[in-house]
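Asker: Next up is a structure, given as structure tokens.
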Amino acid sequence: MTFNGDRFDLPVTAGRLERTGAADATTALDALLESVDHLDLKHSAWSAYGNYTSLEELCAHQDLAVGRTHWADYALDVAGMDTVLDRARESYVTSADVAAAGEVYLAALDAGADASTLEAVLTDYTLADVDHLFTLADRHPF
38 MTFNGDRFDL PVTAGRLERT GAADATTALD ALLESVDHLD LKHSAWSAYG NYTSLEELCA
98 HQDLAVGRTH WADYALDVAG MDTVLDRARE SYVTSADVAA AGEVYLAALD AGADASTLEA
158 VLTDYTLADV DHLFTLADRH PF
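Residues in the sequence shown are numbered consecutively from 38, following the numbering used here.
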């Protein structure tokens, strides 16, 4: 179960696996995805509340508080983060920021740099992002 997983989570995961060069991992992911039913909550949200309803808007319609991961709560001294932060539209991490921050994270790891703080940002964002998906799935369809 995802929100916009068809267009974001699944392609990003596949892309990350391809980047590793591990053909067996990509094959394993393809086999896994073919063996499970995937529920993308975005489609039901758009049907119920209109096209382009965001996850945050869906949560508001469902009276669920959205957790925020605020950039200022982390000391981000990782090469390339200045560009990500300059482009960030909000004081907190949004889904639009994750791909760019993820690229910076992977580049830092490749360079042998300490990316633990950025890893914490991405982990905290992800946990906050998926926390309410279980409640939304229980309430599905909307």
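All C-beta atoms in this analysis are idealised placements derived from N, C-alpha and C, irrespective of residue type, glycine included. Owing to the predicted nature of the structure, the values given are computational and were not obtained by experimental measurement.
What are the boundary residues of the alpha helix (DSSP H) that residue 128 is part of?
Answerer: Segment: none, residue 128 is in no alpha helix (DSSP H) and carries neither H nor E.
Asker: Whose CA, out of 76, 126, 155 and 40, lies closest to the CA of residue 95?
Answerer: The candidate whose alpha carbon is nearest that of residue 95 is 40.
Asker: Buried or exposed, going by whether 16 or more other CB atoms sit within 10 Å of the CB of residue 162?
Answerer: Under this definition residue 162 is a buried residue.
Asker: In whole angstroms, what is the alpha-carbon distance linking residue 134 and residue 108?
Answerer: Rounded to whole angstroms, residue 134 to residue 108 spans 11 Å at the Cα level.
Asker: Would the beta-carbon of residue 38 fall within 9 Å of that of residue 165?
Answerer: For residue 38 and residue 165, no; Cβs fall outside 9 Å.
Asker: Are the CB atoms of residue 45 and residue 153 within a distance shorter than 9 Å?
Answerer: No, Cβ-Cβ distance for residue 153 and residue 45 is not below 9 Å.
Asker: Indicate whether residue 122 and residue 142 have their beta-carbon atoms separated by less than 9 Å.
Answerer: Cβ atoms of residue 122 and residue 142: not closer than 9 Å.
Asker: Have a look at the DSSP bridge pairing and note the partners of residue 107.
Answerer: Its beta-bridge partners are 129.
Asker: Can you list, in chain order, the residues of its chain with a C-beta nearer than 6 Å to that of residue 74? Leave out the 5 residues immediately preceding and following it.
Answerer: Result list for residue 74: empty, nothing under 6 Å.
Asker: For residue 147 and residue 158, what's the separation of their Cα atoms in angstroms?
Answerer: Going by the C-alpha atoms only, they are around 18 Å apart.
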